[in-house]
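For reference, the structure is listed below as structure tokens.
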Amino acid sequence: MISEEELAKLSFKGAPRIKAAPPGPKSQEILSYQKEHESSAVSYPKGMPMALRRGRGATLEDVDGNIYIDMFGGAGVMAVGHGHPVVLKAAHEQIDQITHTLDIPSPTRKNMVEVLRKLLPTELNRIFFGGPTGSDAVEQAIKLARYNTGRNSIIAFEGAYHGMTGISLALTCDSHHREGIGQLVPDVQFIPYPYTYRNPFGCPDEEADLQAAENLDRVLSDSHSGYLKPAAVILESVQGEGGTIIPTTRFMKRIREICNKHDVLMICDEIQAGLGRTGKMFAFEHFDIVPDIVTMSKALGGIGFPIAAIAYKDKLNTWPAGKSIGTFRGNMIAFAAGAAALNWMTENHIPERALELGKKAMVLLKKLESGSAIVGEARG
């Protein structure tokens, strides 16, 4: 495992360090320009008013010279931090060779597939690179499920976030993202998630997980439930935007059993929780299950290069050539950077380190929870 001293060298020294009260004058100028000329949909600067100049490791520097500890990581993108030298080297070398190949094979693409296949369960032995975003990965997963089953309906969970385009937005439960934009993709049905802090079932909290799972079995078994038999059930291995809600092992195992029972595909969305963040390379590994399809993006590109993929079981490999395509499915820089980052994470036991630090953080967060009148629950 890499030492703390070695990791510290990857970041700016002396963080955090404030030279000018944020937002400083230079940041204010750029923020004002953005507000005047970019879309009103821009969101993050409203809560984080700064203009950034550089990033190194777990630190950021704004245009006023302020240095921050980055607790956001580009919304889960920066698994190895900003400007990682190993990843930058791989990206620079690839830029000098070739940068875009669609789905024409290359040594770099082959290497990326090999890296992923080593990390994934052997059952998930097919890889597909579609568009460059997590939403694209979800779209491709649903298309694959529908094509293989001949069914259109999809079941998702309350609190879910799966993306902001087409099918992925229809699977995202928050009405804030959905309202005012017209008809979404039909045949998406939601069921309650086992969120024990705000238990929707009216049962003891320790039974909420089984209640949620058995509710899925009920709506699939009872023709009077109003639920059409779906092509797939999709869920985040750890629910992210819904509140970092971690399911129990027995819930995930039971969902797997129910999907098998009803001949419904199980899709695990690992776009935010996956690639080392939970102590294993994929969060579903904590629950001793193997889904039929897995979605990946965010950290897959190493240090922010856009890339998305799905992995799926061989029995689903029925698409004819060209059935599902995307212009940027051959982003060679992302392949090179992503493979370098994943290899570095594996060699330096970064998922194990995340698990160790997570346990220490939870001890501190639980103390904060118990001593606060406004903190309801610390989760992780």
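If you count by our numbering, then the sequence shown holds residues 37 to 416, one letter each, in order.
Built from N, CA and C at the ideal position, the CB exists for glycine as well.
- If you draw a 10 Å sphere on the C-beta of M37, you find fewer than 16 other C-beta atoms in it, and that means exposed.
- The shortest C-alpha to C-alpha distance from P266 to any of F226, P283 and Y233 is the one to F226.
- In the same chain as V149, and ignoring 5 residues on each side of it, the C-beta atoms closer than 6 Å to its own belong to I163, in chain order.
- In the DSSP annotation of this structure, F341 is not part of any beta strand (DSSP E), being labelled neither H nor E.
- Excluding the 5 residues flanking it on each side, V274 has same chain C-beta neighbours closer than 6 Å at I282, A309 and A319, in chain order.
- For N147, the CB contacts under 6 Å within the same chain, skipping 5 residues up- and downstream, are A375 in chain order.
- Around the beta carbon of P230, 16 or more other beta carbons sit within 10 angstroms, so the residue counts as buried.
- DSSP, read as helix, strand or coil, puts D350 in helix.
- In this chain, A115 is not harboured by any beta strand (DSSP E), its DSSP state being neither H nor E.
- Cβ contact annotation for P61 (same chain, cutoff 8 Å, sequence separation greater than five): D100, in chain order.
- If you draw a 10 Å sphere on the C-beta of M302, you find 16 or more other C-beta atoms in it, and that means buried.
- The beta carbon of P327 sits closer than 7 Å to those of M302, I303, C304 and F320, all from its chain and outside the five residues before and after it, given in chain order.
- Bounds of any beta strand (DSSP E) do not take in V255; it lies within the alpha helix (DSSP H) bounded by A244 to S257.
- In this model, G170 and F48 are separated by some 30 Å (Cα to Cα).
- For G91, the uninterrupted beta strand (DSSP E) segment begins and ends at L88 to R92.
- Per the C-alpha coordinates, the member of R89, S68, D98 and S39 positioned closest to A57 is D98.
- The three-state reading of DSSP puts E74 in coil, since its state is none of H, G, I, E or B.
- Under the three-state reduction of DSSP, C295 is assigned to helix.
- Spanning the alpha carbons of A196 and E159 requires a straight line of approximately 26 Å.
- Pairing G340 with V78 gives a Cβ-Cβ distance that is not under 8 Å.
- The distance from the Cβ of A377 to that of V116 is about 5 Å, consistent with a contact at the 8 Å cut-off.
- In the three-state scheme derived from DSSP, where H, G and I count as helix and E and B as strand, D241 is classed as helix.
- Judged by DSSP in its simplified three-state form, Q64 adopts helix.
- Under the DSSP definition of a beta bridge, Q275 partners with I281.
- Here the alpha carbons of A177 and F237 stand approximately 30 Å from one another.
- In chain order, G199, H213, R214 and L220 place their CB closer than 7 Å to the CB of L205, counting only its own chain and leaving out the 5 sequence neighbours on each side.
- According to DSSP, residue pairing for C304 in a beta bridge involves L271 and V330.
- In the DSSP assignment, the residues bridged to Y104 are L96.
- Uninterrupted beta strand (DSSP E) stretches at least 3 residues long and entirely within the region 143 to 193 occur at 162 to 165 and 190 to 193, given in chain order.
- Sixteen is the threshold: since fewer than 16 other Cβ atoms of the shown chains lie within 10 Å of the Cβ of M107, the residue is exposed.
- For N384, the three-state secondary structure derived from DSSP is coil.
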